[in-house]
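Read through the structure below, which is laid out as structure tokens, and then see the notes.
Numbering (this note's numbering), first residue to last: 216 to 639.
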């Protein structure tokens, strides 16, 4: 019976993924409780030993050897103590074997509920400590089931909820799908650890870039800021600690393969990599790329940046539904007011509320990208990011065009040549 009992203990260790010492401590505590209930009382000092070789369970009651007994539950006279151990001295503790007959069977039944309860508590504590150490990390998860807008994932034996607000809009989820998540926080609850996971957190982009870009993982290239509209577009500011390492090139990779891998993981989210600068004016101008900025004026007191652009760059600077200026504002940490170089201060569109009127069709006199001598596939990539007017491309380098999702080095050079030829 003892062997069956210990076999059940080892099975629990495997099923619950808990160390054997943890399970054994729980079992001993449960057996002490069961003995006190059936044979003794709660005041007694009970010890339980389980022999690892024979797997026998032995119950001991521990008493102190005294000259005068004050508490029969905890004291034993020196005379009685010497009957058990002739070498015992006053003031020492003595252990007496009080294991009942067939205690393995009786204890297993009496302690069952206590063991189950304690194991559940230990399992929750073990899981909490395990995941607490993984806060702020990228984790791999398996989607267990999808219930309307709620997505439940399995993470190392714990089921966690990916709520709708933390899901990438329009991303499709299905059972059995493997996804990468950002583990933001672990909260201890009575029902076990609650994992706060996300697919929309800016840190997810950072962690994915660490995974794909050795220079980022090594700390040579540092990510200074991330601004996201999940599933649509993201701006990432980077800098290099090594003058010999180009942070933009390191992040983009040959033919854009590194940044494209991150984009693929984020349901097609377009990622703009820009150089970080301590110079706020320069940083704001870089944040608004691919628009060409004429000048930036800072109102430090109001924490407002007045950004001046030519008329043909205005729509590009603001972006579709204000997306470009909104992301730039978030990334740079300044409210941004987009102004025409010819208009008075205060009449522009801000990074907080860029108006959709800036997306109106250009006059027919403005030359369009569709007129350029370029493959249709390249034109489509440009127009997909609101680069529809030739004037928007003037002055941009091949390096600038590599920021456009899907544009290769050869295509970037073709665009520069086509713009130059069109202006002759």
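Backbone N, C-alpha and C define an ideal beta-carbon position, used for all residues, glycine too.
Between the Cα of residue i and those of the options, spot the shortest distance and give me the residue it belongs to.
i           : options               : result
residue 515 : 545, 550 and 546      : 550
residue 484 : 612, 443 and 268      : 443
residue 307 : 278, 314 and 299      : 278
residue 393 : 410, 414 and 228      : 414
residue 373 : 605, 340 and 284      : 340
residue 461 : 262, 491 and 222      : 491
residue 468 : 424, 508 and 494      : 424
residue 346 : 410, 583 and 227      : 410
residue 241 : 637, 331, 548 and 518 : 331
residue 378 : 364, 384 and 386      : 364
residue 417 : 429, 427, 383 and 404 : 383
residue 267 : 293, 248, 239 and 282 : 239
residue 630 : 421, 297 and 590      : 590
residue 493 : 528, 547, 625 and 445 : 547
residue 513 : 529, 293 and 495      : 495
residue 233 : 301, 371 and 248      : 371
residue 624 : 336, 237 and 471      : 471
residue 426 : 336, 395, 291 and 343 : 395
residue 376 : 412, 386 and 407      : 412
residue 381 : 403, 229, 445 and 599 : 445
residue 276 : 312, 286 and 299      : 312
residue 534 : 222, 299, 599 and 594 : 599
residue 270 : 243, 284 and 253      : 243
Give the DSSP-derived three-state secondary structure of residue i in the structure shown.
i           : result
residue 305 : coil
residue 261 : strand
residue 385 : coil
residue 349 : coil
residue 612 : coil
residue 359 : strand
residue 452 : strand
residue 273 : strand
residue 293 : helix
residue 254 : coil
residue 414 : coil
residue 374 : strand
residue 515 : coil
residue 649 : Missing from the structure shown is residue 649; the chain here goes from 216 to 639 and no further.
residue 551 : strand
residue 407 : strand
residue 520 : strand
residue 184 : The displayed coordinates of the chain run from 216 to 639. Any statement about residue 184 would go beyond what the structure contains.
residue 369 : strand
residue 505 : coil
residue 428 : coil
residue 542 : helix
residue 604 : strand
residue 394 : strand
residue 490 : strand
residue 278 : strand
residue 400 : strand
Using a Cβ-Cβ cutoff of less than 7 Å, which residues in the same chain neighbour residue i once the five nearest sequence positions on both sides are dropped?
i           : result
residue 388 : 358, 361 and 366
residue 369 : 356, 357 and 359
residue 231 : 334 and 338
residue 518 : 549 and 550
residue 628 : 613
residue 430 : 436, 460 and 465
On the premise that residue j lies in contact with residue i, defined as a C-beta separation below 8 Å, what is that separation, rounded to the nearest angstrom?
i           : j           : result
residue 450 : residue 543 : 7 Å
residue 439 : residue 453 : 7 Å
residue 524 : residue 556 : 7 Å
residue 588 : residue 605 : Contact flag wrong, Cβ pair sits at about 12 Å.
residue 634 : residue 602 : With 8 Å as the limit, residue 634 and residue 602 do not qualify as a contact, their Cβ atoms being about 11 Å apart.
residue 289 : residue 260 : 6 Å
residue 264 : residue 281 : The Cβ separation is near 24 Å, so there is no contact.
residue 482 : residue 386 : 4 Å
residue 420 : residue 441 : 5 Å
Suppose the cutoff is 8 Å on Cβ atoms and the five residues either side in sequence are ignored; what does the same chain contact list for residue i look like?
i           : result
residue 708 : Nothing about residue 708 can be reported from this structure: the residues present for the chain run from 216 to 639 only.
residue 532 : 503, 506, 508, 522, 524, 539, 540 and 553
residue 251 : 257, 259 and 261
residue 428 : 436, 465, 466, 468 and 473
residue 303 : 280, 293, 296, 297 and 309
residue 406 : 339
residue 299 : 309 and 311
Leaving aside the five residues before and after residue i along the sequence, list all residues of the same chain whose C-beta is less than 6 Å from its C-beta, in chain order.
i           : result
residue 611 : none
residue 435 : 456, 457 and 460
residue 314 : 273 and 274
residue 597 : 584
residue 621 : 596
residue 579 : Here the model assigns residue 579 a pLDDT of 33, short of 50, so the residue's position is not dependable, and the following value carries that caveat. If we look at residue 579 and ignore the five residues flanking it on each side, it has no Cβ neighbours.
residue 576 : In this prediction, residue 576 scores a pLDDT of 33, lower than 50, which makes its location untrustworthy; the coordinate-derived value is nonetheless stated afterwards. Taken in chain order, the list of residues that qualify is empty.
residue 390 : 358 and 360
Taking 8 Å as the cut-off, does the region 495-506 touch the region 473-486 (at least 3 CB pairs, one atom from each stretch)? no
Cβ pair count under 8 Å reaching 3, the region 395-405 against the region 342-353: Taking 8 Å as the limit for Cβ pairs, the verdict is that the region 342-353 does touch the region 395-405.
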